[in-house]
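So the structure is just underneath, and the comments pick up after that.
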Amino acid sequence: MRKILFILSFVLCLCAYGQGYHLGVNKSVAIKGKVENGYNFWLYSPDSLQASVKKPLIIFLHGKSLSGTDMNRVLRYGTIKAINKYHLAIDAYVIAPQTTNGWNPDKIMNIVNWMKTNCNIDTTRIYALGMSMGGYGTADLCAAYPDKIAAGIEICGGCSRRDVSGLSKLPFWIFHGTADRAVAYNTATTLSEKIKQNGDSRLLFTKLKGYNHGQPERIFNIIETYDWLMSHSLTDEDRPVNKDYYDVITVEKLTFKANSNYTR
């Protein structure tokens, strides 16, 4: 019955298209060749999907190791994996695009625009998060479109843009491990200082003491990550950052949850 309801939810979202989609083993749909000047991507629809109810949209951007044309690679870590493996109940659409070489904010927004046309998304509640190269992509996207993205989370990344002023205009949370040898910890601290130079920032920064480049993946696997994102909206007056989760998503709690498989 659950599988039937899941398939019906996709019918609601994709009824305008009779061909070109297939249900993956991970209860997601691979969308290929449908977005002009965009990316192929995985699409997850929430179990609670109803045609008359708008849902938030979460954008997950992968790192360099998942790049290529084999879309199954994108499922190795991140939000959709967390939904499937750890059964996170995320009441939102999730898109997980795949790139062959770096992230382009405009191409990502072309997917968002496709979602606006084909799925009933809440355009005031669009979020982005990513790791490593996907962290760079998240920062670049949020810096380019702070008026479109309600909140963002960057994990062990940086920012490719010279102008980072947009990152001070939305709630933005940086996580970085002090033992990261792939993207140095000072990459994050330098970006943090640049954001703060642009005035009244909405920045949170978490120093993951002793964490290497791969360990912060755990952040994708806890529901609090998505609760924090979805606590923000473009309609919030002055768009303040929610600090209530700052003492929830910590090294100690991430380590505990990773060791105990506790995900809620």
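Residue numbers for the sequence shown, in the working numbering: 49 to 312.
A virtual CB, placed ideally from N, CA and C, is assigned to each residue, including glycine.
Given that a residue counts as buried once 16 or more other Cβ atoms are within 10 Å of its Cβ, and exposed if not, what is P288? exposed
Using CA atoms only, rank isn't needed, just tell me which of A176, A192, Y184 and D188 is closest to A198. A176
Is the beta carbon of F223 less than 9 Å from the beta carbon of E202? yes
Closer than 8 Å is the cut-off here; do at least three beta carbon pairs connect the stretch 77-90 with the stretch 139-149? yes
Which of the three DSSP states is assigned to D118 in this structure? coil
Buried or exposed for H70, going by 16 or more other Cβ atoms inside 10 Å? Because H70 carries a pLDDT of 39, less than 50, the predicted location of this residue cannot be relied on, and the following value inherits that uncertainty. Exposed, by the Cβ-count rule.
If you follow the beta strand (DSSP E) that G200 is in, where does it begin and where does it stop? A199 to I203
Taking the Cβ atom as the reference point for each residue, do T172 and L282 lie within a distance shorter than 9 Å? yes
Suppose contacts are defined by Cβ-Cβ distances below 9 Å. Is V212 in contact with H261 by that definition? no
With burial defined as no fewer than 16 other Cβ atoms inside 10 Å of the residue's Cβ, what is the status of P249: buried or exposed? Looking at the sequence provided, one finds Ser at residue 249 rather than Pro. The residue in question, S249, is buried, as its Cβ has 16 or more Cβ neighbours within 10 Å.
How would you write the range of the alpha helix (DSSP H) that T273 sits in, first residue to last? I271 to M278
If you count every other CB in all the chains shown that lies within 10 Å of the CB of H135, and 16 or more means buried, which is it? exposed
How far does the alpha helix (DSSP H) with G258 in it extend, from its first residue to its last? Careful: G258 lies outside any alpha helix (DSSP H) and carries neither H nor E.
Does the beta-carbon of T269 have 16 or more other beta-carbons within 10 angstroms, so that it is buried, or is it exposed? Strictly speaking, residue 269 in this sequence is Asn, with Thr absent from that position. Burial call: buried.
Buried or exposed (CB count within 10 angstroms, at least 16 for buried), E300: exposed
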